[in-house]
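J.: Quick one: this structure, given as structure tokens, is what I'll be asking you about.
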Ligand SMILES: Cc1cc2nc3c(=O)[nH]c(=O)nc-3n(C[C@H](O)[C@H](O)[C@H](O)COP(=O)(O)OP(=O)(O)OC[C@H]3O[C@@H](n4cnc5c(N)ncnc54)[C@H](O)[C@@H]3O)c2cc1C
């Protein structure tokens, strides 16, 4: 199928893009890498009247370290995240995760801003943003807004972004020296959307978690920053403590059933991920031993 007819404008600056979006409201759509937008248009799931192409706006691309913050431009492509020494050094969770986003051809065009704005609940990068405590920076007719990642995602393909707003950058606190991370997803094949996944960032002191953020994805209508993590912080993690955390996680999860998995399968896989993640982060294989996925 082909997309319905649409008008096309190549934005010459962020201000120009914002003017176009302000003039056309929800009849316009931003085009970044096009890896989600174009398939949706070709399938006629959406039919915007105007495409505002921001792909040439160099001011929205790039990765920089500013003090103890990593700043990532919205147009930074997945492949650039994968190859960046700054991402590897200061946000290694993101480097691990992005290797699971689709396939090389898609990673060569798809952007971090597009992935976050698209807000597919099975996407890897939104969950990483929760685990890493990201701030998402948005510009619109009223100026700039800084939004905590936890408040950004509101449902399936839904965020707090207004049609007239542009996601311009992401800020991440750079990983502390005692930080550890874990990333794993269950998918039919490498590169497929996940059936269930976990992006976790921790700080460990004397064999205990002093901080633990668990970002689950593909197990609800949006990425989940699991409160169950609180059961594991500042305590000696025993099998009983971990079982308690699994029960707390189970109560928080609200997965959907689809062709890939039932609700029960997704809940089971999430608990497997929690146990494996904790075992790996604390370097205590016995905590994850004997589990099957
Ligand atoms: C076969 C296939 C497999 C895939 N597998 C995965 C996967 O495993 N995991 C995964 O996470 N993704 C996957 N994707 C999606 C891919 O990662 C996309 O690159 C990404 O979701 C969107 O980035 P983009 O730059 O291409 O955005 P676009 O397609 O250009 O835009 C996506 C949406 O975001 C909006 N948008 C884009 N940029 C902005 C901005 N700066 N401000 C405001 N709104 C904006 C657009 O208007 C549109 O609604 C897959 C895609 C395909 C085709």
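Residue numbers (my numbering): 3 to 295. Idealized CB from N, CA, C, for every residue including glycine.
Leaving aside the five residues before and after residue 63 along the sequence, list all residues of the same chain whose C-beta is less than 6 Å from its C-beta, in chain order.
T.: Answer for residue 63: 75, 77 and 78, listed in chain order.
J.: Since residue 124 contacts residue 230 with CB under 8 Å, what's their CB separation in whole angstroms?
T.: With a Cβ gap of about 20 Å, residue 124 and residue 230 do not count as contacting.
J.: Would you mind stating whether residue 52 and residue 93 have Cβ atoms separated by less than 8 Å?
T.: No, they are not a contact pair.
J.: Can the beta-carbon of residue 217 be found less than 8 Å from the beta-carbon of residue 196?
T.: Taking 8 Å as the Cβ cut-off, residue 217 and residue 196 do not qualify as a contacting pair.
J.: At which residue ranges does the stretch 67-126 contain complete beta strand (DSSP E) runs of 3 or more residues, listed in the order of the chain?
T.: 71-75, all fully within the stretch 67-126.
J.: Please tell me whether residue 173 and residue 67 are closer than 8 Å, where the distance is taken between their beta carbons.
T.: No, the pair does not count as a contact, with Cβ atoms beyond the cut-off.
J.: DSSP has residue 175 in a bridge; who is on the other side?
T.: Paired residues: 71.
J.: Using alpha carbons as the reference points, say which of 132, 138, 136 and 168 lies closest to residue 144.
T.: Closest option to residue 144, Cα to Cα, is 168.
J.: By the 10 Å Cβ neighbour count, where 16 or more other Cβ atoms means buried, how is residue 105 classified, buried or exposed?
T.: Exposed is the call here.
J.: Pick helix, strand or coil for residue 4, following the three-state DSSP scheme.
T.: Coil at residue 4, not helix or strand.
J.: Within the same chain, show all residues whose beta-carbon is closer than 8 Å to that of residue 50, passing over the 5 residues directly before and after it, in chain order.
T.: Hits under 8 Å: 8, 29, 30, 31 and 43.
J.: Ligand 1 heavy atoms versus the CB of residue 2: any closer than 7 Å?
T.: There is simply no residue 2 to check, as the chain begins at 3 and stops at 295 in what is shown.
J.: With a cut-off of 8 Å on the beta carbons, I'd call residue 283 and residue 198 a contact; round off their distance for me.
T.: 18 Å between Cβ atoms; not a contact.
J.: Check whether the Cβ of residue 306 sits closer than 7 Å to any heavy atom of ligand 1, and report yes or no.
T.: With the chain running from 3 to 295 in the structure shown, residue 306 is simply not present.
J.: Where residue 111 and residue 117 are concerned, what is the direct C-alpha to C-alpha distance, given to the nearest angstrom?
T.: Between residue 111 and residue 117, the C-alpha separation is close to 11 Å.
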